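Engineer:
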Amino acid sequence: MRISSEQLEKVSMSIDEYNTIVNILGREPNETELYIFSAMWSEHCGYKHSKRLIKEYFNVSDENAGIVWIEDVGIAFKVESHNHPCAVEPFQGAATGIGGIIRDIIAMGARPVALLDSLHFSKPHTYIYEGVISGISAYGNSIGVPTVGGEVRFDSAYSENPLVNVMAVGTVKKENLKTSKAQGVGNSVILIGSKTGRNGLHGASFASRKIDQSLNDRPSVQVGDPFAEKRLIEASMEICELDCIIAVQDMGAAGILSSTTEMTHDGGLGLDLFVDRVPLREKDMKPWEILLSESQERMAFLVKKGYEHEVEKIAEKWELDFAKIGKTTLNTEFRVFDGEKLVASLPLSFVTEPPDLSRRIEREYPITDEISEWNGTIENELIHLLSNPTIASKKSVYERYDYTVGGQTVKSPGSDAAVVHIKDSKGIALSLGGNGRYTRLNPLEGTKAVLFEACSNVIASGGKPLGITNCMNFGNPEIDEVAAQFYAAVKGLAEGSKLLDIPITGGNVSFYNESNGKQISPTPVVGVIGGVEDVQRIPSSYFVNVGDPIYLVGRREVPKNGASMYRNSDSFCKVNWNVCAETLHAIQQIISKELVISAHDVSSGGIAVACAEMAIGSMIGASISTNIHPFEEYPTRFILEIQKGHEKEFETEMKGIEFSKIGTIGGNSLIWNGEKIALSTLKDSYESLEEFE
Amino acid sequence: MKAAVVVFEGTNCDRETFQALKAINFDVDYIWHNWTSLENYDMIVLPGGFSYGDYLRPGAIARFSPVMKSVESYTMKDRGIVVGICNGFQILTESGLLPGAFLKNKYGNFICKMVDLEVENRDIFTDVGKLRLYIAHSDGNYTTDEKTLDLLEREGRVLFKYTQNPNGSIHSIAGISNEKFNVFGMMPHPERSSLPYHENMDGLKVFEALKRCVK
Chain L
1 MRISSEQLEK VSMSIDEYNT IVNILGREPN ETELYIFSAM WSEHCGYKHS KRLIKEYFNV
61 SDENAGIVWI EDVGIAFKVE SHNHPCAVEP FQGAATGIGG IIRDIIAMGA RPVALLDSLH
121 FSKPHTYIYE GVISGISAYG NSIGVPTVGG EVRFDSAYSE NPLVNVMAVG TVKKENLKTS
181 KAQGVGNSVI LIGSKTGRNG LHGASFASRK IDQSLNDRPS VQVGDPFAEK RLIEASMEIC
241 ELDCIIAVQD MGAAGILSST TEMTHDGGLG LDLFVDRVPL REKDMKPWEI LLSESQERMA
301 FLVKKGYEHE VEKIAEKWEL DFAKIGKTTL NTEFRVFDGE KLVASLPLSF VTEPPDLSRR
361 IEREYPITDE ISEWNGTIEN ELIHLLSNPT IASKKSVYER YDYTVGGQTV KSPGSDAAVV
421 HIKDSKGIAL SLGGNGRYTR LNPLEGTKAV LFEACSNVIA SGGKPLGITN CMNFGNPEID
481 EVAAQFYAAV KGLAEGSKLL DIPITGGNVS FYNESNGKQI SPTPVVGVIG GVEDVQRIPS
541 SYFVNVGDPI YLVGRREVPK NGASMYRNSD SFCKVNWNVC AETLHAIQQI ISKELVISAH
601 DVSSGGIAVA CAEMAIGSMI GASISTNIHP FEEYPTRFIL EIQKGHEKEF ETEMKGIEFS
661 KIGTIGGNSL IWNGEKIALS TLKDSYESLE EFE
Chain S
1001 MKAAVVVFEG TNCDRETFQA LKAINFDVDY IWHNWTSLEN YDMIVLPGGF SYGDYLRPGA
1061 IARFSPVMKS VESYTMKDRG IVVGICNGFQ ILTESGLLPG AFLKNKYGNF ICKMVDLEVE
1121 NRDIFTDVGK LRLYIAHSDG NYTTDEKTLD LLEREGRVLF KYTQNPNGSI HSIAGISNEK
1181 FNVFGMMPHP ERSSLPYHEN MDGLKVFEAL KRCVK
């Protein structure tokens, strides 16, 4: 064997993988071919540590994004991570993360209508925090897609390796829905968008290894141009109206290489690529550099032969580069030409299907069902929790995002789930979240809790959950502990989806979230999309009417939960998921009736924080009298304000579901079992994140 | 009455502006930045967004587009009115059709929030004293020289002011007009408060008042 270990390290490939390639090809790969494998077999493109498990447990389609329907309008949605680039260059990392996921949505033929981000940092106001938020603001605002929701959480587990997961949502008419699968021999692969440079070379293999501060990884991060993206969105929308478009694929990790090979392989065809036709922004790029470049703001369209000029006209209008860079072929070979010269010739399926390395490691995680009790005073703990940056108001973050551009935003950030208007009276409710505290203690049960929490958010905002997407953020999958966590989380999400009877429509996996040997907490981030029947009839997130009764729906006495925000211990609480699923169903039914005036799901910080948030939002107080634990956390519990005089009707509707009347709305303080706390005090604590500015 | 919504590359509030104008019974067309015949329209709206990516300076590139030459002659012919919203306002100051200029927001960052506005010109906005509208911009800090400021105030050309100045604008100015009252610019987005599912419908009052300005 001629290859050296240094050369293999340079392309992030193991010697076993190299030997597999030599065995199957019956020869050594040339330079171009070696780089092709290094990118396509990287974890980031090939998903070798996850693909088989995801396929088996989630039953997702292999299109660019999942889809649910609101009548005849398709809602395309997907989450993707951009953790590694954000660790190295937070501003550009976050900006290009937005750009990338937006292109997944436009590849479905859908117009992007909303963005949400799940951000996990060590603490507020760090370099990474500021950079990521500025990057989202700069890019998302410019392309005119509102950032309507998400979360910002803090935990020292993310000090070197932040998590930046972005969910994009788009709408598409049934007849314009696009596939990523090629069809027909001799059709043209068209590249539209920006010129190709050396940006983001090795981005895919970079994202598939740990972050090493001693390496200069900055050249692996791409640079975004939101103005080019905006033109690409508009041009793509016009192109997707054409009859000659057979398939669409965005160019993300491993750029031209990955998008065009996946498109043709999924269609059972072969591919000839001509790298010399790619518009370049730098001179003397090698074929492999052109193939792997992750220059942003590019799309691939498969166009019926003879109709290329129709696409070209639209590209010209939007001042985007256009090039016919390849064609589909009958055999299943992947050939790359540089002018007349054949520079790579490989079996296509071998390129797109890396060896499977997924593992099923079972682990037991401790669980407790001892009931949690509380006898203390409340003020100090409540103020402490409200000012915890994870719970505190994120107004200073979301006011930097344009959350109303498009004029479709009905429920803004800061509420449980965002609501976006779709058509006539109908809309969608959107939630995206993870909880490393939960999934670190118990990746199986914790993941279910994360899913049920996202559904609770959607329901509290008046939606009926229709589909689930996810992004699995984990450490190094070669470590047994991490592999076990991943397997448990995958099972947890699959079980949760069955319990709730909501399909998982798509997902993304991010491994190697580690730095200096420190693994992040396993952090599955779950996105849920729900249908809203009437966007003008959704409950408020805050207290509305003085005198209205306040109810807790969901379990009254809950077990000790080691993941609750007010305590740290090593065991997760025992949850009866069937009862939780029934509660969700009942709440969703009752919220569609007008007697629910305001609603908020109980999450971090328990019912005391939930009530405080509802009071601070409208600066209307409440008097609560209950022996229910104020701070303990347990899934699927809600605080509801019921229209005064309709208590009986509500209680009848809730038959078979645990609930409790806990208080009444009114006053300018929160009174908890006689202990009085001024709303202004609570507001000051809650908005403490802003005081750092 | 006919209205035109001008679309530059990078414009991103065109759709909702179109909807809002339709809601007050305008016939609305989108017109592309190279379009030059505007005589058919009673109102030309330059919507918000990031025309040409806001590269160089917001509005600095859009002002050179063919449509802006036509907008200029349109205003001289007293045909109808021109309304610039957010980036549209920035394009109008860059073209010299409205006085003044924009600086970065006082606290640096992009701000998106609902703000309270005091109506200054009650001749145009006859039926409203206060408005609540969304702002969403990085460069909304309006400034001009003392003399112009004095003229704006004296001639009733300040349309509305922020109750709590969010961006550092001089005299808290949020919207102005030219001296002929046929060119209007405003940073707040009336189109985001125009439909029944919006937080309020104050924006529709703004568009209706402007519609009355068309002779």
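Residue numbers (this note's numbering), protein chains in the order written: chain L, 1 to 693; chain S, 1001 to 1215.
Just so it is clear, CB atoms sit at the ideal spot from N, CA and C, and this is done for glycine as well.
Only a predicted model underlies this, so the values are computations on that prediction, with no experimental measurement involved.
1. To the nearest angstrom, how far is the alpha carbon of L/T332 from that of L/V351?
2. Residues of chain L with CB under 8 Å from S/Y1134, in chain order?
3. How big is the Cα-Cα spacing for L/G446 and S/E1191?
4. Which whole-angstrom value describes the C-beta separation of S/Y1140 and S/T1093, a residue pair presumed to lie in contact below a C-beta threshold of 8 Å?
5. Measure the C-alpha to C-alpha separation of L/K48 and S/Y1142 and round it to an integer number of angstroms.
6. How would you label S/R1079, buried or exposed, when you count the other beta carbons within 10 angstroms and need 16 or more for buried?
7. Chain S beta carbons: is any one of them nearer than 8 Å to that of L/K195?
8. Per DSSP, which residues does L/I70 bridge with? Please list them.
9. Taking the C-alpha atoms as reference points, what is the distance between L/V526 and L/Y438?
10. Across the region 60-80 of chain L and the region 385-405 of chain L, are there enough close Cβ pairs to call them in contact, namely three or more that are closer than 8 Å?
11. Does the beta-carbon of L/Y127 have 16 or more other beta-carbons within 10 angstroms, so that it is buried, or is it exposed?
12. Does L/Q222 come within less than 8 Å of chain S when only Cβ atoms are used?
13. For L/E316, which residues from the same chain have a beta carbon less than 8 Å from its beta carbon, with the 5 sequence-adjacent residues on both sides left out?
14. At a CB-CB cut-off below 8 Å, which residues of chain S make contact with L/E130?
15. Evaluate L/G140 with the Cβ neighbour count: other Cβ atoms within 10 Å of its Cβ, from every protein chain shown; 16 or more gives buried, anything less gives exposed.
16. Between the region 661-679 of chain L and the region 1013-1032 of chain S, do three or more beta carbon pairs fall short of 8 Å?
17. Please state if the CB of L/S358 and the CB of L/K560 are separated by a distance shorter than 8 Å.
18. Going straight from the alpha carbon of L/S623 to that of L/N457, what length do you get?
19. Closer than 9 Å between beta carbons: that is the criterion. Which residues of the region 597-608 of chain L meet it against chain S?
20. Given that L/P226 touches chain S, what residues does it touch there, using C-beta distances under 8 Å?
21. Does any residue of chain L bring its CB to less than 8 Å from the CB of S/I1091?
22. To the nearest angstrom, how far is the alpha carbon of L/G407 from that of L/S625?
23. What are the residues in the region 1092-1110 of chain S lying within 9 Å of chain L by C-beta distance?
24. Say whether the region 420-435 of chain L touches the region 543-561 of chain L, bearing in mind that this needs 3 or more beta-carbon pairs closer than 8 Å, one atom from each stretch.
25. Compute the Euclidean distance between the alpha carbons of L/T261 and L/H44, then round it to the nearest angstrom.
26. Using only alpha-carbon positions, find the residue among L/A418, L/P366 and L/G475 that is nearest to L/K574.
27. Measuring only the C-alpha atoms, how far is L/Q536 from L/K426?
28. Determine the chain L residues that contact S/P1196 at a beta-carbon separation under 8 Å, and present them in chain order.
29. Contact check, L/A418 vs L/V113 under 8 Å by CB: the rounded distance?
30. Cβ closer than 9 Å: which chain L residues qualify as neighbours of S/K1147?
31. Using a Cβ cut-off of 8 Å, pull out every chain S residue sitting near L/R231, in sequence order please.
32. When burial is assigned at 16 or more other CB atoms within 10 Å of the CB, is L/D695 buried or exposed?
33. Does the region 583-592 of chain L come close enough to the region 671-681 of chain L to have 3 or more Cβ pairs within less than 8 Å?
34. According to DSSP, what are the bridge partners of L/R335?
35. With a cut-off of 8 Å, does the C-beta of S/Q1019 fall near any C-beta of chain L?
36. Taking buried to mean at least 16 other C-beta atoms within 10 Å of its own C-beta, is L/S81 buried or exposed?
Structural biologist: On the basis of the supplied data:
1. On the first sequence, position 332 is the one that residue 332 of chain L refers to. On the first sequence, position 351 is the one that residue 351 of chain L refers to. Straight-line Cα distance between these residues: approximately 11 Å.
2. Walking along the second sequence from the start, residue 1134 of chain S turns up at place 134. Under the 8 Å cutoff, chain L gives T404.
3. By 1-based counting over the first sequence, the position of residue 446 of chain L is 446. By 1-based counting over the second sequence, the position of residue 1191 of chain S is 191. Using only the alpha carbons, I get a separation of about 43 Å.
4. Locating residue 1140 of chain S in the second sequence gives position 140, counting from the first residue. Locating residue 1093 of chain S in the second sequence gives position 93, counting from the first residue. The identity of residue 1140 of chain S in the sequence shown is Gly, whereas the question assumes Tyr. Incorrect: roughly 12 Å between the Cβ atoms, too far for contact.
5. Residue 48 of chain L sits at position 48 when you count from the first residue of the first sequence. Residue 1142 of chain S sits at position 142 when you count from the first residue of the second sequence. Their Cα atoms are separated by approximately 54 Å.
6. The residue labelled residue 1079 of chain S in the question sits at position 79 within the second sequence. When all chains shown are included, S/R1079 counts as buried.
7. Indexing the first sequence from 1 puts residue 195 of chain L at position 195. It does not; no Cβ of chain S falls within 8 Å.
8. Along the first sequence, read from residue 1 onward, the residue named residue 70 of chain L stands at position 70. Per DSSP, L/V73.
9. Stepping through the first sequence from its first residue, residue 526 of chain L is reached at position 526. Stepping through the first sequence from its first residue, residue 438 of chain L is reached at position 438. Rounded to the nearest angstrom, the two C-alpha atoms are 13 Å apart.
10. Per the Cβ contact rule, the region 60-80 of chain L is not in contact with the region 385-405 of chain L (fewer than 3 Cβ pairs under 8 Å).
11. Your numbering for residue 127 of chain L matches position 127 in the first sequence. Under this definition L/Y127 is an exposed residue.
12. Numbered from its first residue, the first sequence carries residue 222 of chain L at position 222. Chain S contact via Cβ: absent.
13. Translated into the one-based positions of the first sequence, residue 316 of chain L becomes position 316. Only F322 meet the Cβ criterion.
14. For the purposes of this step, residue 130 of chain L is identified with residue 130 of the first sequence, where counting begins at 1. Ordered by position in chain S, no residue passes the 8 Å Cβ test against L/E130, which lies about 10 Å from the chain.
15. As a position in the first sequence, residue 140 of chain L is number 140, starting the count at 1. Burial call: buried.
16. no
17. Counted from its first residue, the first sequence places residue 560 of chain L at position 560. Counted from its first residue, the first sequence places residue 358 of chain L at position 358. No, the Cβ-Cβ distance between L/K560 and L/S358 is not below 8 Å.
18. The residue labelled residue 623 of chain L in the question sits at position 623 within the first sequence. The residue labelled residue 457 of chain L in the question sits at position 457 within the first sequence. One C-alpha to the other measures close to 24 Å.
19. none
20. Taking the first sequence and counting its residues from 1, one reaches residue 226 of chain L at position 226. Result: F1050 and G1053.
21. In the second sequence, the residue the question calls residue 1091 of chain S occupies position 91. So, not an interface residue.
22. To locate residue 407 of chain L, count along the first sequence from 1; it is residue 407. To locate residue 625 of chain L, count along the first sequence from 1; it is residue 625. Note on geometry: alpha-carbon atoms of L/G407 and L/S625 lie some 41 Å from one another.
23. Of all residues in the region 1092-1110 of chain S, Y1107, N1109 and F1110 have a Cβ within less than 9 Å of some Cβ in chain L.
24. Output reads no: the region 543-561 of chain L does not touch the region 420-435 of chain L.
25. The sequence position of residue 261 of chain L within the first sequence is 261, counting from 1. The sequence position of residue 44 of chain L within the first sequence is 44, counting from 1. Roughly 15 Å separates the two Cα atoms.
26. Reading the first sequence from its first residue, position 574 is the one you call residue 574 of chain L. Taking each of L/A418, L/P366 and L/G475 in turn and checking the Cα distance to L/K574, the smallest one comes out for L/P366.
27. Stepping through the first sequence from its first residue, residue 536 of chain L is reached at position 536. Stepping through the first sequence from its first residue, residue 426 of chain L is reached at position 426. Taking the straight line joining both Cα atoms gives about 9 Å.
28. Counting from one through the second sequence, the residue named residue 1196 of chain S turns up at place 196. The contacting residues are Q536.
29. Indexing the first sequence from 1 puts residue 418 of chain L at position 418. Indexing the first sequence from 1 puts residue 113 of chain L at position 113. Contact flag wrong, Cβ pair sits at about 11 Å.
30. Within the second sequence, numbered from 1, the residue matching residue 1147 of chain S stands at position 147. Ordered by position in chain L, no residue passes the 9 Å Cβ test against S/K1147, which lies about 34 Å from the chain.
31. Mapped onto the first sequence, residue 231 of chain L falls at position 231. The contacting residues are E1009 and G1010.
32. Outside the displayed span of chain L (1 to 693) sits residue 695 of chain L, for which this structure offers no information.
33. Not touching, per the Cβ criterion.
34. In the first sequence, counting from the first residue as 1, residue 335 of chain L sits at position 335. Partner(s): L/D272 and L/S345.
35. Your numbering for residue 1019 of chain S matches position 19 in the second sequence. It does: the Cβ of S/Q1019 has a partner Cβ on chain L nearer than 8 Å.
36. Start at 1 with the first residue of the first sequence, and residue 81 of chain L comes out as number 81. So L/S81 counts as buried.
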